[in-house]
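If you read the protein sequences in the order shown, they are chains A and B.
Reminder that position 191 of the first sequence reads as 191 in my numbering, one-by-one numbering, no gaps.
Reminder that position 98 of the second sequence reads as 1098 in my numbering, one-by-one numbering, no gaps.
For every residue, glycine included, the Cβ atom is placed at its ideal position computed from N, Cα and C.
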Amino acid sequence: MTAMVEKKMQETPAQSAPIISLKGVSKTFSNGTVALNNMSLDIRQGEFVSLLGPSGCGKSTALRIVTNLTGPTSGKVEWPQERANQKEHELSFVFQEPTLMPWATVFANVWLPLRLKGLSRKDAEDRVMEALQMVGLDQFAKSYPRELSGGMKMRVSIARALVTKPKVLLMDEPFAALDEITRFKLNNDILNLWETFGWTVIFVTHSVFESVYLSNRIVVMAARPGRVVNDMPIDAPYPRDESFRTSSVYAGFCRDVSGALHAAMGSGEEH
Amino acid sequence: MSVAMTGDRGVSAQPEAIPLDAEELKRARAAKIEAVGRWVIPIFVLAATVVLWDRVCVWKEVPHYILPRPGLVFQTLLADWSILSIALLNTLKITFGALFIATAGGLGLAILFTQSKWIEISFFPYAVILQVTPIIAIAPLILIYVDSLTAGLLICAWIVAFFPILSNTTLGLNSADHNLQNLFRLYGASRWQTLRYLRLPSAMPYFLAGLKIAGGLSLIGAIVAEFVAGSAGSGSGLANQILEASYRLNMPRMYAALILISFTGILIFLTMTLISHLLLRKWHESALKREV
């Protein structure tokens, strides 16, 4: 913990106003399981927040509540910076699976969010190709998802999230099913894109190492009932690269976060 | 390969082709035999059966009014072509008419069912009742109540054919990937957009499987209805020809009509398989060749 305090705090995210605010959010499923118990969390603009915890801690549920895919049983989610009558939030979601339409080409898959907003193929073409370029797949626009590797499919999924130019990017264990080499590569890609566009990212993961590498803030959660147990800043400077991954600072953060996670899981089992 | 080997031994810079080992050669040969055999063997079996049929007629001295020789059936097919072709055309009209209505109706009803749970609850039982009641039992009623013979036949064939399309398409529309459904919701897709861009494409393989069954069933439905109607004259189809020929013990013509029905069924099946392949070959697991 001491290593963390000594690090210089990054100024911008901590000071800026929250963009998403969870206020006492609870969720109980119809079978009686308490997925989330009284969770309060302010996400500030430009932050890269990881929700870290064991399975069943409600981290994915929290994400789904933020997107309004499911409603909270009690409490509420506020978007303080948006107009009151704004219907859709400017957010994109990346699922654990690539979730591509198998019958559509890579181009058509990335075009989808724009198509649903009424943009024709011609009007959307530049933006779609730009998004594909960002993930390095512009050569594969005409391919079908089945012709791509797992990592490439995930890139298409990320390109589809990028194409709407969202303010907030929500990722639900997006790289959990990928091999380590691909995962490291995509971690770097995501960090580069985050720094380029200044998004706010909420990243759900169960990997301590991934969360430390990516985020400037880790929210540690515990299960039964799902709740927040720790909120840790990871104030190592960006850009982070392979040298950060092998540094002692990184190892120190991983140790701290692991400790917090184990403490959380230990306290969870007492109940 | 032998040409390359004997031709120019002086040029040693060219890398020699790696000789295939015995195992690989064996496997390549097996694959080739299988590819040819897939077509040749069924045709050979068919030819053998026809020859056997012919021989049995000769050896056992079966009279042609019990079992005609295949040659005679073929002659009859040509000689009676003017009658049989009209009958075939009539049967085809009913078959494809019914298949068209069944496709449109099955697809339309399936879409309606998935849009509203209440519509599905209200009408699905009746679709099942229509399906499980043997068509031969309802056909006489339908043919009495409906004035136009063509309309009556169409209704009968439609009843038989539409259910597989309805039930398969309903299943397909409901099995769109849940994450994709969430994605569509996140991007604020309208009901129509979700149907058009997500549910219908997801249902495509199911619909095509239903269509394949419905193609055969519409022919069966048409033939059964014709049998029940039993009409002679301008509207008569192949089933009527079989009936009429049976009254006159005209066995060669019965066989000729039967062969035409079979061929129609096979053609419908192959057409549906081709359509299905063309529509799914780019993306669906069923249409992909697997590397072993």
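Between which two residues does the alpha helix (DSSP H) containing residue i stretch?
{"i": "G1221 (chain B)", "result": "L1200 to A1229"}
{"i": "V1045 (chain B)", "result": "A1022 to W1059"}
{"i": "N38 (chain A)", "result": "Per DSSP, N38 (chain A) belongs to no alpha helix (DSSP H); it is in the beta strand (DSSP E), V34 to R44."}
{"i": "R1185 (chain B)", "result": "H1178 to L1186"}
{"i": "V1146 (chain B)", "result": "V1146 (chain B) -> no alpha helix (DSSP H), and no H or E assigned at all."}
{"i": "Y213 (chain A)", "result": "V208 to L214"}
{"i": "Y1255 (chain B)", "result": "M1251 to L1280"}
{"i": "E47 (chain A)", "result": "Element bounds for E47 (chain A): n/a, residue is neither H nor E."}
{"i": "E242 (chain A)", "result": "E242 to R245"}
{"i": "E1244 (chain B)", "result": "L1238 to Y1247"}
{"i": "P1070 (chain B)", "result": "P1070 to A1079"}
{"i": "R1196 (chain B)", "result": "Premise fails: R1196 (chain B) is in no alpha helix (DSSP H) and is neither H nor E."}
State the start and end residues of the unbroken beta strand (DSSP E) segment that holds residue i.
{"i": "M221 (chain A)", "result": "R217 to A222"}
{"i": "P18 (chain A)", "result": "P18 to T28"}
{"i": "T200 (chain A)", "result": "T200 to T205"}
{"i": "P1125 (chain B)", "result": "Taken as a continuous stretch (DSSP letters only), P1125 (chain B) belongs to no beta strand (DSSP E), being part of the alpha helix (DSSP H) at K1117 to V1132."}
{"i": "N230 (chain A)", "result": "R227 to P233"}
Using a C-beta to C-beta distance shorter than 7 Å, which residues of chain A count as neighbours of residue i?
{"i": "A996 (chain B)", "result": "A query on residue 996 (chain B) cannot be resolved here, the shown segment of chain B reaching from 1001 to 1292 and no further."}
{"i": "N1182 (chain B)", "result": "L69"}
Could you name the residues of chain B that residue i contacts, counting a contact when the two beta carbons are closer than 8 Å?
{"i": "E97 (chain A)", "result": "N1179"}
{"i": "L132 (chain A)", "result": "In chain order: nothing, as chain B lies at least about 18 Å away."}
{"i": "F48 (chain A)", "result": "Going along chain B, no residue has its Cβ under 8 Å from F48 (chain A), so there is no contact; the nearest lies around 21 Å."}
{"i": "F29 (chain A)", "result": "Here the premise fails: no neighbours, minimum Cβ distance about 16 Å."}
Quick one: list the residues of chain A neighbouring residue i, beta-carbon separation under 8 Å, in chain order.
{"i": "K1282 (chain B)", "result": "W103 and Y144"}
{"i": "R1185 (chain B)", "result": "L69"}
{"i": "N1090 (chain B)", "result": "Result: empty, since nearest Cβ-Cβ is about 39 Å, beyond 8 Å."}
{"i": "P1201 (chain B)", "result": "M101, W103 and A104"}
{"i": "M1204 (chain B)", "result": "W103"}
For residue i, return the contacting residues in chain A, with the cut-off set at a CB-CB distance below 9 Å.
{"i": "Q1193 (chain B)", "result": "R115 and L116"}
{"i": "M1251 (chain B)", "result": "In chain order: nothing, as chain A lies at least about 51 Å away."}
{"i": "N1168 (chain B)", "result": "Simply none; closest approach about 17 Å."}
Whose Cβ in chain B lies nearer than 9 Å to the Cβ of residue i?
{"i": "F175 (chain A)", "result": "Going along chain B, no residue has its Cβ under 9 Å from F175 (chain A), so there is no contact; the nearest lies around 16 Å."}
{"i": "F253 (chain A)", "result": "Here the premise fails: no neighbours, minimum Cβ distance about 32 Å."}
### Task
Report the residue ranges of all alpha helix (DSSP H) runs contained in full by the stretch 50 to 133 of chain A; include only those spanning at least 4 residues, in chain order.
Taking only runs of at least 4 residues, the alpha helix (DSSP H) segments lying wholly in the stretch 50 to 133 of chain A are 59 to 67 and 106 to 116.
### Message
Give the list of continuous alpha helix (DSSP H) stretches no shorter than 4 residues that lie fully inside the stretch 134 to 186 of chain A.
### Response
DSSP runs (the alpha helix (DSSP H)) wholly in the stretch 134 to 186 of chain A: 150 to 162.
### Task
Residues of the stretch 1110 to 1134 of chain B with a CB closer than 8 Å to any CB of chain A: list them in chain order, please.
Here the close residues number zero.
### Message
Below 8 Å, how does it come out for the stretch 1215 to 1233 of chain B and the stretch 141 to 155 of chain A: are there three or more Cβ pairs, yes or no?
### Response
Two segments are said to touch when three or more pairs of C-beta atoms, one from each, lie closer than 8 Å; by this definition the stretch 1215 to 1233 of chain B does not touch the stretch 141 to 155 of chain A.
### Message
Does the contact criterion of 3 or more C-beta pairs under 8 Å hold for the stretch 50 to 69 of chain A versus the stretch 107 to 120 of chain A?
### Response
When C-beta atoms of the stretch 50 to 69 of chain A are compared with those of the stretch 107 to 120 of chain A, fewer than three pairs fall below 8 Å, so the two segments do not count as touching.
### Message
With a threshold of 8 Å, are at least 3 pairs of Cβ atoms found where one atom belongs to the stretch 1052 to 1061 of chain B and the other to the stretch 1233 to 1252 of chain B?
### Response
Contact between the stretch 1052 to 1061 of chain B and the stretch 1233 to 1252 of chain B is absent, because fewer than three Cβ pairs lie under 8 Å.
### Query
If you pair each beta-carbon of the stretch 1081 to 1096 of chain B with each one of the stretch 1124 to 1142 of chain B, do three or more pairs fall below 8 Å?
Contact fails: fewer than three Cβ-Cβ distances are below 8 Å.
### Task
Mind the definition here: the stretch 1241 to 1257 of chain B touches the stretch 1180 to 1191 of chain B only if three or more C-beta pairs lie below 8 Å; say whether that holds.
These segments do not touch.
### Message
Using 8 Å as the cut-off, can you tell me whether the stretch 157 to 173 of chain A makes contact with the stretch 92 to 106 of chain A, which would need three or more C-beta pairs spanning the two stretches below that distance?
### Response
Inter-segment contact for the stretch 157 to 173 of chain A and the stretch 92 to 106 of chain A is present: three or more beta-carbon pairs are separated by less than 8 Å.
### Message
Count Cβ pairs between the stretch 1209 to 1217 of chain B and the stretch 1020 to 1037 of chain B that sit closer than 8 Å; are there 3 or more?
### Response
The stretch 1209 to 1217 of chain B vs the stretch 1020 to 1037 of chain B: no contact.
### Given 8 Å, three or more beta-carbon pairs between the stretch 1112 to 1128 of chain B and the stretch 1061 to 1068 of chain B
With a cut-off of 8 Å, the stretch 1061 to 1068 of chain B and the stretch 1112 to 1128 of chain B do not count as touching, because too few Cβ pairs lie within range.
### Query
Hey, is the stretch 26 to 33 of chain A in contact with the stretch 1142 to 1151 of chain B, meaning 3+ C-beta pairs nearer than 8 Å?
They do not touch, by the three-pair rule.
### Task
Would you be able to state if there are at least three C-beta pairs under 8 Å between the stretch 241 to 254 of chain A and the stretch 69 to 83 of chain A?
Taking 8 Å as the limit for Cβ pairs, the verdict is that the stretch 241 to 254 of chain A does not touch the stretch 69 to 83 of chain A.
#### Entry: Near-chain B residues of the stretch 195 to 222 of chain A - C-beta to any C-beta below 7 Å
Answer in chain order: no residues at all.
### Message
Closer than 8 Å is the cut-off here; do at least three beta carbon pairs connect the stretch 1163 to 1175 of chain B with the stretch 1197 to 1210 of chain B?
### Response
Segments in contact, yes.
#### Entry: the stretch 175 to 183 of chain A in contact with the stretch 204 to 211 of chain A per 3-pair CB rule at 8 Å
The way I'd put it, the stretch 175 to 183 of chain A does touch the stretch 204 to 211 of chain A; three or more beta-carbon pairs between them come closer than 8 Å.
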